[in-house]
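Have a look at the structure below before the remarks.
Protein chains: 2
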Amino acid sequence: MNNHSVTIKDIAKILGISKSTVSRALSEHSDVHAETREKVLALARKLQYQPNAIALNLKQQRTNTIGVIIPETENPFFARAVSGIQRAANQAGYNVMVCQSSESCRTEESNLKSLIATRVDGLLISISRETDKSDHFDAIFQKKIPVVFFDRICKTLDTAQVTTNNYEIAFEATQYLIRQGCRRIATITGPRHLYTSFNRFQGYMDALTKNNLEFNPDYLLLSDFSKDNIEAYTRHLIDLKEPPDAIFAKNDLIAIEMMHIIKKRGLSIPRDIAVLGFNNEPISRFVEPALSTVDHPAHDIGAASAELLLSQIKGENHHPVKKTIKSSLLIRESTERLVAIGN
Amino acid sequence: MNNHSVTIKDIAKILGISKSTVSRALSEHSDVHAETREKVLALARKLQYQPNAIALNLKQQRTNTIGVIIPETENPFFARAVSGIQRAANQAGYNVMVCQSSESCRTEESNLKSLIATRVDGLLISISRETDKSDHFDAIFQKKIPVVFFDRICKTLDTAQVTTNNYEIAFEATQYLIRQGCRRIATITGPRHLYTSFNRFQGYMDALTKNNLEFNPDYLLLSDFSKDNIEAYTRHLIDLKEPPDAIFAKNDLIAIEMMHIIKKRGLSIPRDIAVLGFNNEPISRFVEPALSTVDHPAHDIGAASAELLLSQIKGENHHPVKKTIKSSLLIRESTERLVAIGN
DNA sequence: GTTTTTTATGCAATCGATTGCTTTTACACG
DNA sequence: CGTGTAAAAGCAATCGATTGCATAAAAAAC
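Sequences listed follow chains A and B, in order. Residue numbers for the first sequence follow numbering that gives the first Met the number 0, so the first one is 0 and each next one is one higher. Residue numbers for the second sequence follow numbering that gives the first Met the number 0, so the first one is 0 and each next one is one higher.
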């Protein structure tokens with residue numbers, strides 16, 4: 000009726016009883032006369048009483064909300080991760096507050112402040128591309144807020160975390176390309192201080208070394224994310240005196256754009272250049288040739304992180320749990336040189 | 000130091016003054032002796048005092064949080080829209096709580112309840128595929144919660160809304176296909192009770208009629224979203240006695256998958272079948288042939304919705320504002336039959 | 001019919017801020 | 001020295017719930 004929602008006090012006043020009795024009746028507490036309880040419940044239903052969550056939050060010192068900081072909502076990997084987080088959190092009765100740092104360390108800092116001020120019960124964080132320090136996370140530990148870092152974790156912090164086997168999968172992928180007869184494998188990767196980029200690069204390097212292939216700096220492209228000029232990168236690679244015979248890209252979007260440019264230049268994939276992506280976007284099955292990629296299970300990473308956080312909130316894990324989820328190599332046509340050459 | 004954060008009371012006790020003075024000093028209120036204020040501010044900084052947002056929320060009866068309900072976080076369109084929402088909201092000092100209905104009306108209902116219980120200051124809603132009623136939104140109006148529906152709005156509700164010119168753009172797109180010489184235009188669309196699907200279908204129909212083309216029910220596919228079997232749909236179309244010479248798909252993902260299957264069957268795009276998508280995914284520029292599509296400005300829709308909501312929260316608009324954002328037709332290769340035939 | 005026990009309810013503090021009103025303090029002026 | 005006034009600080013209510021403790025009412029025991 001009025002603008003303000005009905006409160007426990009309203010019900011008490013109407014029924015001529017005290018707030019406490021109403022509260023106890025609603026929370027099925029015991030020690031309330033059956034008749035009174037019924038009256039309260041009936042009126043509550045009639046007035047569509049809904050407890051004020053804020054008052055509860057204040058009293059109980061928790062918000063049933065978890066905060067999430069990701070680099071970019073639009074990034075399909077993070078979108079899927081958030082979806083996994085939401086599913087797990089909602090199931091457990093938690094709400095999810097999502098902030099994007101837009102790959103900026105300063106925004107990340109301000110997101111964090113805001114989420115802490117909101118008194119979220121826990122935090123799920125994947126750091127921005129720019130973030131190469133960790134002191135802005137100090138407040139989390141000072142205030143003992145449960146936290147799980149996922150995917151892009153902070154190497155210097157000993158916290159709960161969920162990652163994938165970046166090193167191993169990059170090693171495996173590179174090894175596979177070598178077995179396909181590739182000898183000049185280019186890679187486009189993120190900044191070295193990012194956990195994922197670093198480990199993937201390391202896996203790539205070690206696979207080269209193990210196969211007695213020399214690392215050629217010409218074949219290493221450092222991706223600047225949004226500012227990337229993939230076309231220029233690709234041209235640069237193709238125009239090298241010794242152009243690469245394989246490209247291991249940071250993600251499927253870049254891989255597909257590169258394929259497009261390579262094909263326009265009249266080169267054949269995978270015969271001239273094999274292309275391998277990362278993330279397994281739904282679309283990658285349908286480009287030509289179908290893109291080989293790494294299945295990076297974003298949804299599972301998100302869900303696992305949320306579950307880890309929730310158990311931490313419940314006070315279950317006293318030592319930071321570190322969980323690894325396995326990615327897997329998905330071979331399609333864009334790297335199957337042996338088959339292609341056999342044709 | 001201790002687990003619990005420092006409060007205004009702690010500061011008051013340490014300095015031997017009252018809570019009110021501390022509060023006034025912190026809020027620069029006036030009527031506080033300069034010396035006292037300095038002492039308070041200094042101690043607050045030293046103890047890293049952060050006001051308890053929950054207490055403030057309770058007192059001020061607002062949360063500085065807006066709630067968002069979308070069908071799917073993973074859907075690129077909604078991911079972009081949420082990104083726009085976040086940007087606009089954060090700029091204005093608001094946090095964003097995102098829920099996904101997973102295209103289920105019941106989940107949508109439960110999301111809504113949860114957000115109302117959290118006492119969000121306003122709601123941004125894009126309804127689920129399943130939602131063909133609106134009574135679960137009643138609580139919003141009873142409680143007079145500011146709300147903006149966007150993209151997938153609820154036809155039966157007279158609320159603020161942000162949509163695109165679905166009808167016009169579908170009409171224009173179909174008209175364009177006809178001008179390209181297409182006479183048997185198939186379309187794959189969502190359920191009729193969805194605002195977007197309905198209007199797009201209507202635009203498609205009216206364009207056919209205007210050009211004296213008969214509507215052929217064989218050419219209409221109703222998409223079931225996640226459960227879709229695009230391959231079967233496409234085969235069905237191709238295997239018709241009179242297969243279509245154009246397909247206007249609900250979104251780029253479906254369009255690209257269809258292109259893939261059409262090409263595998265040895266048909267040429269756009270010569271045999273022209274393919275038109277919707278949404279303008281980044282990837283669509285790079286498939287072969289490059290996909291013509293409708294640029295549906297998700298980010299802008301999100302940002303505009305958030306801004307509309309914020310002005311409503313400020314109490315600026317007393318009548319529901321309805322805003323339309325223009326989509327635009329993006330012609331690439333997958334529909335350029337005149338050029339293709341000219342070749 | 002009184003005492004004891006059980007059952008049901010109410011009072012008031014609490015969570016952490018804000019804020020209207022009162023009170024104290026200090027200072028100026030007649 | 002008394003009084004008026006302004007400046008500074010404190011008291012207590014408020015927001016909407018929960019909950020320990022006190023108390024009232026009803027039921028049981030003697």
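Backbone N, C-alpha and C define an ideal beta-carbon position, used for all residues, glycine too. Because the structure is a prediction, the values reported are computed rather than measured.
Using only the alpha-carbon positions, how far apart do Ala87/B and Leu309/A sit? Here residue 87/B refers to the residue found at position 88 when the second sequence is read from its first residue. Here residue 309/A refers to the residue found at position 310 when the first sequence is read from its first residue. Here the alpha carbon of Ala87/B sits roughly 30 Å from the alpha carbon of Leu309/A.
With a threshold of 8 Å between beta carbons, is Lys313/A in contact with chain B? Start at 1 with the first residue of the first sequence, and residue 313/A comes out as number 314. With 8 Å as the cut-off, Lys313/A does not count as an interface residue toward chain B.
Who are the Cβ neighbours of Phe277/B in its own chain at under 7 Å, not counting the five residues just before and after it? Stepping through the second sequence from its first residue, residue 277/B is reached at position 278. Counting only Cβ-Cβ distances below 7 Å, and skipping sequence neighbours, we find Ala248, Lys249, Asn250, Asp251, Thr292, Val293, His295.
In chain order, each alpha helix (DSSP H) run of at least 4 residues that lies wholly inside the region 258 to 326 of chain A: 297 to 312
Can you tell me where the beta strand (DSSP E) holding Val147/B begins and where it ends? By one-based count along the second sequence, residue 147/B stands at place 148. That run of the beta strand (DSSP E) goes 146 to 149.
Which residues, in order along the region 248 to 263 of chain B, keep a beta-carbon less than 8 Å from a beta-carbon of chain A? Leu252, Ile255, Glu256, Met258, His259, Lys262
Neighbouring residues, chain A, relative to Met96/B (Cβ below 9 Å): Residue mapping note: residue 96/B aligns to position 97 of the second sequence, counting from 1. Those within 9 Å of Met96/B in chain A are Thr64, Asn94, Val95, Met96, Val97.
With a threshold of 8 Å between beta-carbons, can Ala52/A be considered close to chain B, or not? Within the first sequence, residue 52/A is the residue found at index 53, counting from 1. Closer than 8 Å to some Cβ of chain B, the Cβ of Ala52/A qualifies, so yes.
Identify, in the order they occur along the chain, each residue of the same chain with its Cβ nearer than 6 Å to the Cβ of Gln160/B, setting aside the five sequence neighbours on each side. Numbered from its first residue, the second sequence carries residue 160/B at position 161. Shown here for Gln160/B: same chain residues with a beta carbon closer than 6 Å to its own, the five before and five after excluded, namely Phe148, Ile152, Lys321 in chain order.
Between the region 130 to 161 of chain A and chain B, which residues of the former have a C-beta closer than 9 Å to a C-beta of the latter? Ala138, Gln141, Lys142, Lys143
Verify the CB distance criterion: does Val286/B have a CB-CB separation below 8 Å to chain A? Working through the second sequence from its first residue, we reach residue 286/B at position 287. Judged by the 8 Å Cβ criterion, Val286/B is in contact with chain A.
Cα-Cα separation between Phe136/A and Glu335/A, rounded to whole angstroms: On the first sequence, position 137 is the one that residue 136/A refers to. On the first sequence, position 336 is the one that residue 335/A refers to. Each residue's Cα considered, the two are about 45 Å apart.
With a cut-off of 8 Å, do at least 3 Cβ pairs link the region 172 to 183 of chain B to the region 138 to 146 of chain B? no
Does the separation of the CB atoms of Gly83/A and Ala289/A fall below 8 Å? In the first sequence, residue 83/A corresponds to position 84, counting from 1. In the first sequence, residue 289/A corresponds to position 290, counting from 1. For Gly83/A and Ala289/A, no; Cβs fall outside 8 Å.
State buried or exposed for Arg264/B, treating a residue as buried only when at least 16 other CB atoms are found within 10 Å of its CB. As a first step, residue 264/B must be located in the second sequence, where it is residue number 265. Arg264/B should be labelled exposed.
Consult DSSP for Gly92/A and reduce its assignment to one of helix, strand or coil. Here residue 92/A corresponds to residue number 93 of the first sequence, with the count starting at 1. In this structure, DSSP gives Gly92/A a state outside helix and strand, which the three-state scheme calls coil.
For Gln201/B, which three-state DSSP category applies? Numbered from its first residue, the second sequence carries residue 201/B at position 202. Note: Gln201/B maps to helix in three-state DSSP.
If the cut-off is 9 Å on Cβ atoms, which residues from the region 197 to 230 of chain A count as contacting chain B, listed in chain order? Those would be none; no residue qualifies.
Could you tell me which chain B residues have their CB closer than 9 Å to the CB of Asn316/A, listed as they occur along the chain? As a position in the first sequence, residue 316/A is number 317, starting the count at 1. What Asn316/A touches in chain B, judged by beta-carbon distance under 9 Å, is nothing: the nearest beta carbon there is about 17 Å away.
Same chain, Cβ closer than 6 Å to Ile124/B, neighbours up to 5 away in sequence not counted: Here residue 124/B refers to the residue found at position 125 when the second sequence is read from its first residue. Same-chain partners within the cutoff: Ile68, Phe148.
Between Gln311/A, His318/A, Thr323/A, Ile139/A, which lies nearest to Ile300/A when the distance is taken from Cα to Cα? In the first sequence, residue 300/A corresponds to position 301, counting from 1. Closest by alpha carbon: Thr323/A.
Along chain A, in chain order, which residues have C-beta atoms closer than 9 Å to that of Val293/B? As a position in the second sequence, residue 293/B is number 294, starting the count at 1. Within chain A, no residue comes near Val293/B; the closest Cβ sits about 17 Å away, beyond 9 Å.
So does the region 48 to 57 of chain A actually touch the region 12 to 19 of chain A, counting three or more Cβ pairs closer than 8 Å? no
Three Cβ pairs or more, each shorter than 8 Å: is that satisfied between the region 185 to 199 of chain A and the region 208 to 227 of chain A? yes
Given that a residue counts as buried once 16 or more other Cβ atoms are within 10 Å of its Cβ, and exposed if not, what is Arg20/A? Along the first sequence, one-based indexing puts residue 20/A at 21. Inspection of the sequence shows that residue 20/A is occupied by Thr rather than by Arg. Answer is buried; the Cβ neighbour count reaches 16.
Does the distance from the C-beta atom of His203/B to that of Ala169/B stay below 8 Å? As a first step, residue 203/B is located in the second sequence; it is residue number 204 there, counting from the start. As a first step, residue 169/B is located in the second sequence; it is residue number 170 there, counting from the start. Before going further, note that residue 203/B is Tyr rather than His in the sequence given. Contact flag set, yes.
Assuming Val21/A is part of the beta strand (DSSP E), what are its boundary residues? Residue mapping note: residue 21/A aligns to position 22 of the first sequence, counting from 1. First-last for Val21/A: 18 to 25, but that is the alpha helix (DSSP H), not the beta strand (DSSP E).
Met258/B to Ile268/B span [Cα, whole Å]: For the purposes of this step, residue 258/B is identified with residue 259 of the second sequence, where counting begins at 1. For the purposes of this step, residue 268/B is identified with residue 269 of the second sequence, where counting begins at 1. For Met258/B and Ile268/B, the distance between alpha carbons rounds to 8 Å.
I'd like to confirm something about Asn210/A: is its beta-carbon nearer than 7 Å to some heavy atom of the ligand FMN, or not? Of the ligands one can find in the structure shown there are none, so the ligand FMN has no counterpart to examine.
Taking C-alpha atoms, which residue in Arg182/A, Leu207/A, Asn110/A lies nearest to Ile391/A? No answer is possible for residue 391/A: it lies beyond the span of chain A, which begins at 0 and ends at 342.
Could you check whether the Cβ of Gly341/B sits closer than 8 Å to any Cβ belonging to chain A? Taking the second sequence and counting its residues from 1, the one referred to as residue 341/B is at position 342. Confidence is the limiting factor: at Gly341/B the pLDDT is only 49, short of 50, which leaves the residue's position unreliable, though a coordinate-based value still follows. False, the Cβ-Cβ gap to chain A never drops below 8 Å.
Note down the Cα distance separating Pro216/A from Leu239/A, rounded to an integer number of angstroms. For the purposes of this step, residue 216/A is identified with residue 217 of the first sequence, where counting begins at 1. For the purposes of this step, residue 239/A is identified with residue 240 of the first sequence, where counting begins at 1. Looking at the two C-alpha atoms, the distance is approximately 12 Å.
According to a CB-to-CB cut-off of less than 9 Å, which residues of the region 106 to 118 of chain A neighbour chain B? Thr106, Ser109, Asn110, Lys112, Ser113, Leu114, Ile115, Ala116, Thr117, Arg118
So if DSSP puts Val67/B in a beta bridge, which residue, or which two residues, is it bridged to? Position 68 of the second sequence holds residue 67/B. BP columns for Val67/B point to Val97/B, Leu123/B.
Could you check the C-alpha separation between Asn342/B and Pro281/B for me, to the nearest Å? Along the second sequence, read from residue 1 onward, the residue named residue 342/B stands at position 343. Along the second sequence, read from residue 1 onward, the residue named residue 281/B stands at position 282. Here the model assigns Asn342/B a pLDDT of 46, short of 50, so the residue's position is not dependable, and the following value carries that caveat. For Asn342/B and Pro281/B, the distance between alpha carbons rounds to 28 Å.
Just to make sure I have the definition right: I need the residues of chain A whose C-beta is within less than 7 Å of the C-beta of Leu123/B. Which are they? Stepping through the second sequence from its first residue, residue 123/B is reached at position 124. The premise fails here: Leu123/B is roughly 13 Å from chain A at the closest Cβ pair, so nothing lies under 7 Å.
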